[in-house]
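Student: Just passing along the structure, written as structure tokens.
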Amino acid sequence: RKEVEQDPGPFNVPEGATVAFNCTYSNSASQSFFWYRQDCRKEPKLLMSVYSSGNEDGRFTAQLNRASQYISLLIRDSKLSDSATYLCVCTTGTASKLTFGTGTRLQVTL
Amino acid sequence: EPEVTQTPSHQVTQMGQEVILRCVPISNHLYFYWYRQILGQKVEFLVSFYNNEISEKSEIFDDQFSVERPDGSNFTLKIRSTKLEDSAMYFCASSEFEELFFGEGSRLTVL
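So the sequence lines, in the order shown, correspond to chains A and B. Quick note: the first sequence uses this note's numbering, first residue 24, plus one each step. Quick note: the second sequence uses this note's numbering, first residue 2, plus one each step.
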């Protein structure tokens, strides 16, 4: 079983749509969770951390369910510039290795 | 805005040759990392480095690989006797606390 599993995508959505990505992780020792964004042939960049209480940053909302070992990312009012691959990432602690999912590709169209 | 810089951006080498990939982490960061991403695959952890020694390494990081911080600014990854399957994008990253900052990567092509 993969350590971090994601919907493979691609998700093709029109501008303005709401899209949700799911992720499950297998290591119950995971302590911190993140969503990273990766543009084609570029480096991963932190989008947001994910907390058990849920957190929101503008159009982006992340949720964590520790009991189900499930993480989600919701993007509202999609923009063309949101087109990228979204990486679900877990770690067992500060400065510990990041474990990446394979990513979900999002393509936002006119 | 401070950033992690990597050189070279692209290196082509013959199988069996040694390559050194260089990174300059963000200056006040204490933790340094190398990750790699084979084309079309996920980002994979190779090694983390703190206080001038390896703090964690993956199964990928075998005797073929080594890291060094030769001076106060550079952090290098050496790959000895390269194989075709070493072709990948290699990302350096650094952190002060939880957030990792990645460099733009060095693309290694082994022929």
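Backbone N, C-alpha and C fix where the C-beta goes; we use that ideal spot for every residue, glycine too. As the structure is a computational prediction, the values presented were derived from the model and not from experiment.
At which residues does the beta strand (DSSP E) containing aspartate 80 of chain A begin and terminate?
Tutor: 78 to 80
Student: Hey, methionine 90 of chain B and arginine 37 of chain B: beta-carbon distance below 9 Å or not?
Tutor: yes
Student: Give the DSSP bridge partners of phenylalanine 123 of chain A, in chain order.
Tutor: A:Val112
Student: Taking only the alpha-carbon atoms, compute the straight-line gap between serine 88 of chain B and valine 27 of chain A and give it to the nearest angstrom.
Tutor: Straight through space, the alpha carbons of valine 27 of chain A and serine 88 of chain B are spaced by roughly 23 Å.
Student: Per DSSP, which residues does valine 13 of chain B bridge with? Please list them.
Tutor: B:Thr110
Student: What do you get for valine 13 of chain B, buried or exposed, if any count of 16 or more other CB atoms within 10 angstroms of its CB means buried?
Tutor: By the 10 Å Cβ count, valine 13 of chain B comes out exposed.
Student: Please confirm if serine 56 of chain B has its CB atom under 9 Å from at least one CB of chain A.
Tutor: yes
Student: In terms of residues, what are the limits of the beta strand (DSSP E) holding threonine 117 of chain A?
Tutor: Where threonine 117 of chain A is concerned, there is no enclosing beta strand (DSSP E), given that its DSSP letter is neither H nor E.
Student: Using 8 Å as the threshold, is the stretch 104 to 111 of chain B in touch with the stretch 75 to 88 of chain B, meaning 3 or more CB pairs across them?
Tutor: Of all C-beta pairs linking the stretch 104 to 111 of chain B to the stretch 75 to 88 of chain B, three or more are shorter than 8 Å, placing the two stretches in contact.
Student: List the endpoints of the continuous beta strand (DSSP E) containing arginine 117 of chain B.
Tutor: With chain B covering 2 to 112 only, the question about residue 117 of chain B has no answer from this structure.
Student: Is arginine 82 of chain A buried or exposed, if buried means 16 or more other CB atoms sit within 10 Å of its CB?
Tutor: exposed
Student: Please list the partners that serine 119 of chain A has in chain B, where partner means a Cβ-to-Cβ separation under 8 Å.
Tutor: Ser49, Glu57
Student: What residues match up with glutamine 86 of chain A in a beta bridge as DSSP calls it?
Tutor: DSSP links glutamine 86 of chain A through a beta bridge to A:Ser95.
Student: Just mark phenylalanine 98 of chain B as buried or exposed, buried being the case when its beta carbon has 16 or more other beta carbons within 10 Å.
Tutor: It is exposed - the Cβ of phenylalanine 98 of chain B has fewer than 16 other Cβ atoms within 10 Å.
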